[in-house]
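**Student:** First, the structure itself, so that you have it in front of you.
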Amino acid sequence: MGKLVRRLTRANEFYVFLVIVALSIVIQARSGQFFTVNNLVDLANAMVVPGLFAVGAYMVIVSGGIDVSFPALASLAVYATTRFLVDNHYQGGLWLPLLMVVVLGAILGAFNGLFTSRLTVPTLIITLGTANVFSGVMQGALRSVQIPNIPRSMADFGTSTLFVATNPTSGLTSNMPTSFLLLVAVLAVAFFVMRFTMFGRGIYAIGGDESAAARAGFKVRWIKFWLYVIVGIIASLAGLVRTSMMGQMHPTNLLGMELMVIAAVVLGGTAITGGTGSLTGVMLGTLLIVVVDNSMILVGIPTFWQQFSLGLLIIVGTGISALQVARSGNGLRAVLR
Amino acid sequence: MWANLTESKSWRAVTRDTHIARLVTILLSLVLIFAVVKTEAFLNLRTWQSMAIQFPEFGLMALGVMLTMITGGIDLSVVGIANMTSIGAAVVMLSIAPRGADAATATMAIALAIGSALVAGTAAGALNGFLVATIKIPAILATLGTFELFTGIAILITGGKPKSGLPPLYGQTFAGKILGIIPVPVVVFVVAAVLIAILMNKTAFGTKIYMLGTNAKSAKFSGLNTTSLLVRTYMISGLYASLAGLVMLANYNSAKADYGSTYTLLAVLIVVLGGVNPNGGTGRLLGVVLAIGILQILSSELNMFPNISNFYRPLIWGGVLLAVITANHLSGRRSSHHIAKGKGPRQ
């Protein structure tokens, strides 16, 4: 028991969890609406898209990089798919949009991977470039506009629910979307890959020390390339979910989301310098951001505060993480290295 | 951090002559294309004047980003600082000299507004420097966070709406033309660039930031006060960003929280195109100034083809950025090959 407590209090996740609990008690006290069935289901619903993105961003940050291109990547992959299917009056099942989105996501991810695996330039600068290429292709070459009618199968997927939660007092209902299962599935696969495969351990090794990883026998370039392909696939799945749930394709809807997602990953205790981080932390970080985002309305804070509070969250979150890195004997290691 | 000595040596070799020569060639050929394709516009003074009004906006930001990148960091908050401070300046002007105020009040209001904007910009830069140097948050994340923070403050002040109705005197002086020919923004830019040149080449500060960017650890062990150096670098970046904000305020005659959203990419692109090593330690002001010229001419040439939609711009800027870093990588690898042979992969 004592061992468990010690392990808990040393884990970053535990403190994020405490913050979430404290925050929800405050929100509950102010609004009386937080611990209602439908608010909790709403939170789960709001977590699906940022949660999927966060899994991808987490993998990149663990590898010591940073990716700001995934919202543009997802928008382009899903826009191209939706445009093609709508123009061809596609009436079939969900398998084709899903397949197209995954393939496009993989190709665009490979485009990222081509640069990130071969250049010594910081990945931020690379993905800043590719993000603009992606959104430029979508808005310029494909002349993206809002597509009001997405294929039936996609819309059906977006509105399908696992169960409906009804608030007994107010009568408000909230839907638990089927796509929540997709988040669970992606989490499970990512957990397995990061924990139990050489590829996943390689990502951690590269983030810890790239030269050491190469000398230990990891194929650094190969791992980096496929890492970005996988992240492309996960991001495009998130894009598909968002479009399906909205019931329409809004090309610029996702753009600008990268900061919120990176903030979530870093708040969850993933070291910004790479090499450490857990999916539990990532999900807690995402939950924290979603709670803050959703509850501003409940508590009655004007939405003008949203961007300010997000910036503050990023600075405080990364600041705590940076101070921890400095405290954990990095000074000594820096001398030895 | 990433740059080791072999790499920076090769970078210096590239930037000393080849890179500058390459940039000059690109610039001249773009000017030549301009002269041939649109001779009429090329010979018109107004074309050049409108360019000289435009480029200081992102050029000033690029100068700040350049300094931070030489130290091995980056400043992604420049657009946020520019918008926040220009909104602050607009608020100061409007509160002291509302519509219809007399000339003396307006002059005082403008002077106060400019002063407070520059102070606010420097303070914002100091916050960046504090986060990067003292808290040791990687510059990318720290300045992305403060970008959100500053933009958030700008939204809080304005409620997301544009601030306009400034005293006409402000636009007349800041966006006006000296002797009716030379636009004021370009004069501001030239003075700012000369100050940076002096700072980089004639002061100890300049030498120290190169050393810090080449190897932060050895700089620290050589007794440099790296914290204070970094804070001062980000303060200059913030100051220049607020200057860019004042130019934008004059050019648009209004301020809004989301103006200049493409300038972050443009500033980074300029600095990398100008030959500054994104890992720090090397880069020359001349290269960056040439890169500013190249991008302004390229941008004006894109304007000449109305059938190329504005949405292609991100595609072109992003594509140029990727092409430049790839080319730098290839030429850097060629010239450093014999030195770096037998070493493990660099990060």
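These protein sequences, in sequence, are chains S and F. At position 77 of the first sequence the residue is numbered 77 (the numbering used here), and the sequence of numbers has no breaks. At position 309 of the second sequence the residue is numbered 309 (the numbering used here), and the sequence of numbers has no breaks. Here a beta-carbon is modelled for each residue, glycine too, at the ideal position from N, C-alpha and C. All values derive from a computational prediction rather than experimental measurement.
1) Helix, strand or coil for residue 119 (chain S), going by three-state DSSP, please let me know.
2) Determine whether the beta carbon atoms of residue 275 (chain S) and residue 208 (chain S) lie at a separation below 8 Å.
3) Distance, Cα to Cα, residue 86 (chain F) vs residue 114 (chain S)?
4) Would you check if the region 286-302 of chain S and the region 62-82 of chain S touch, i.e. whether three or more CB-CB distances between them fall below 8 Å?
5) Give me the chain F residues within the contact set of residue 129 (chain S), using Cβ-Cβ distance strictly less than 7 Å, ordered along the chain.
6) Contact check, residue 125 (chain F) vs residue 234 (chain F) under 8 Å by CB: the rounded distance?
7) Quick test of your reading: residue 59 (chain F) and residue 189 (chain F), contact by CB under 8 Å. State the CB separation rounded to the nearest angstrom.
8) For residue 193 (chain S), collect the residues of the same chain with a Cβ closer than 6 Å to its Cβ; drop the 5 residues on either side in sequence, then sort them by chain order.
9) Nearest to residue 118 (chain F) by alpha carbon, out of F:199, F:247, F:296, F:326?
10) Please work out which residues of its chain come closer than 6 Å, Cβ to Cβ, to residue 49 (chain F), disregarding the five sequence neighbours upstream and downstream, and give them in chain order.
11) May I ask you to report which of helix, strand or coil DSSP gives residue 314 (chain F)?
12) Give the interface partners of residue 329 (chain F) over in chain S, defined as CB-CB distance under 8 Å, in chain order.
13) Find the residues of chain S that neighbour residue 142 (chain F), judging by a C-beta separation of less than 9 Å, and give them in chain order.
14) Exposed or buried, what is residue 352 (chain F) when buried is set at 16 or more other beta-carbons lying within 10 Å of its beta-carbon?
15) Output, in chain order, the set of chain S residues within a Cβ distance shorter than 8 Å of residue 159 (chain F).
16) Determine whether the Cβ of residue 87 (chain F) lies closer than 8 Å to any Cβ atom of chain S.
17) Residue 136 (chain S) touches chain F at which residues, Cβ-Cβ below 9 Å?
18) How far does the beta strand (DSSP E) with residue 193 (chain F) in it reach, from first residue to last?
19) How do the region 25-32 of chain S and the region 163-170 of chain S stand: do at least 3 beta-carbon pairs fall below 8 Å, yes or no?
20) Can you tell me where the beta strand (DSSP E) with residue 29 (chain F) in it begins and where it stops?
21) Compute the beta-carbon to beta-carbon distance between residue 162 (chain F) and residue 255 (chain F), rounded to the nearest angstrom, for a pair I have assumed lies under 8 Å.
22) Helix, strand or coil: how does DSSP classify residue 271 (chain S) here?
23) Can you tell me whether residue 75 (chain F) is buried or exposed, with buried defined as 16 or more other CB within 10 angstroms of its CB?
24) With C-beta atoms as the reference, is residue 39 (chain S) less than 8 Å away from residue 281 (chain S)?
25) Would you say residue 241 (chain S) faces chain A, with C-beta separation under 8 Å as the test?
26) Run through DSSP, which three-state label would residue 68 (chain S) get?
27) By the 10 Å Cβ neighbour count, where 16 or more other Cβ atoms means buried, how is residue 228 (chain F) classified, buried or exposed?
28) Pair every Cβ in the region 205-219 of chain F with every Cβ in the region 123-139 of chain F, then say whether three or more of these pairs are closer than 8 Å.
29) Terminal residues of the continuous alpha helix (DSSP H) containing residue 237 (chain F)?
30) Determine, for residue 74 (chain S), whether the minimum Cβ-Cβ distance to residues of chain F falls below 8 Å.
31) Once DSSP output is grouped into helix, strand and coil, what is the label at residue 134 (chain F)?
32) Would a check of beta-carbon distances place residue 307 (chain S) closer than 8 Å to chain F?
33) Closer than 7 Å, Cβ to Cβ, to anything on chain S: give me those residues from the region 125-136 of chain F, in chain order.
34) When you compare each of S:125, S:174, S:77 to residue 46 (chain S) by their alpha carbons, which one comes out closest?
35) What are the residues of the region 97-117 of chain S that lie near chain F, defined by any Cβ-Cβ distance shorter than 8 Å?
36) Around the Cβ of residue 25 (chain F), are there at least 16 other Cβ atoms within 10 angstroms (buried) or fewer (exposed)?
**Tutor:** Checking against the coordinates, here is how it stands:
1) Of the three classes helix, strand and coil, the one that applies to residue 119 (chain S) here is coil, per DSSP.
2) The answer is yes: Cβ separation under 8 Å.
3) As the crow flies, the alpha-carbon of residue 86 (chain F) is around 40 Å from that of residue 114 (chain S).
4) In the pairwise beta carbon analysis, the region 62-82 of chain S is classified as not touching the region 286-302 of chain S: fewer than three pairs are separated by under 8 Å.
5) Chain F residues near residue 129 (chain S): 318, 321, 322.
6) Confirmed, about 5 Å.
7) Between residue 189 (chain F) and residue 59 (chain F) the Cβ distance is about 5 Å, and since that is below 8 Å, they are a contact.
8) Take residue 193 (chain S), set aside five residues on each side of it, and the residues of its chain with a beta-carbon closer than 6 Å to its own are 200, in chain order.
9) Residue F:247 is the option with its Cα nearest to residue 118 (chain F).
10) In its chain, beyond the 5 residues on either side, 183 have a beta carbon closer than 6 Å to the beta carbon of residue 49 (chain F).
11) In this structure, residue 314 (chain F) counts as helix in the three-state DSSP scheme.
12) Listed along chain S, the residues sitting closer than 8 Å to residue 329 (chain F) by beta-carbon distance are 118, 119, 120, 121.
13) Within chain S, the residues near residue 142 (chain F) are 314, 315, 318, 319, 322.
14) This structure does not reach residue 352 (chain F), given that chain F is present from 1 up to 347, and the question cannot be answered.
15) Simply 304.
16) No, because no Cβ of chain S sits closer than 8 Å to the Cβ of residue 87 (chain F).
17) For residue 136 (chain S), the chain F residues whose C-beta falls within less than 9 Å of its own C-beta are 311, 312, 313, 314, 315, 316, 317, 318, 319, listed in chain order.
18) No beta strand (DSSP E) contains residue 193 (chain F), which is instead part of the alpha helix (DSSP H) from 184-202.
19) Fewer than three pairs of CB atoms, one per stretch, sit closer than 8 Å, so the region 25-32 of chain S makes no contact with the region 163-170 of chain S.
20) Where residue 29 (chain F) is concerned, there is no enclosing beta strand (DSSP E), although the alpha helix (DSSP H) it sits in stretches over 20-37.
21) Approximately 7 Å separates the beta-carbon atoms of residue 162 (chain F) and residue 255 (chain F); this is inside 8 Å, confirming the contact.
22) Coil.
23) That one is buried.
24) Not a contact, by the Cβ cut-off of 8 Å.
25) Protein chains in the displayed structure are S and F, and chain A is not among them.
26) Residue 68 (chain S): coil per DSSP, three-state reduction.
27) Residue 228 (chain F) comes out exposed.
28) No, they do not touch.
29) 226-252 is the span of the alpha helix (DSSP H), which, as asked, contains residue 237 (chain F).
30) It does not: the Cβ of residue 74 (chain S) has no partner Cβ on chain F nearer than 8 Å.
31) Three-state result, residue 134 (chain F): coil.
32) For residue 307 (chain S), the answer is yes, since a Cβ of chain F falls inside 8 Å of its Cβ.
33) Under the 7 Å Cβ criterion, the region 125-136 of chain F contributes 131, 135, 136.
34) Checking every option, the nearest Cα to that of residue 46 (chain S) belongs to S:174.
35) Per Cβ criterion, the list reads 115.
36) Counting every other CB atom within 10 Å of its CB across the protein chains shown gives residue 25 (chain F) a total below 16, marking it as exposed.
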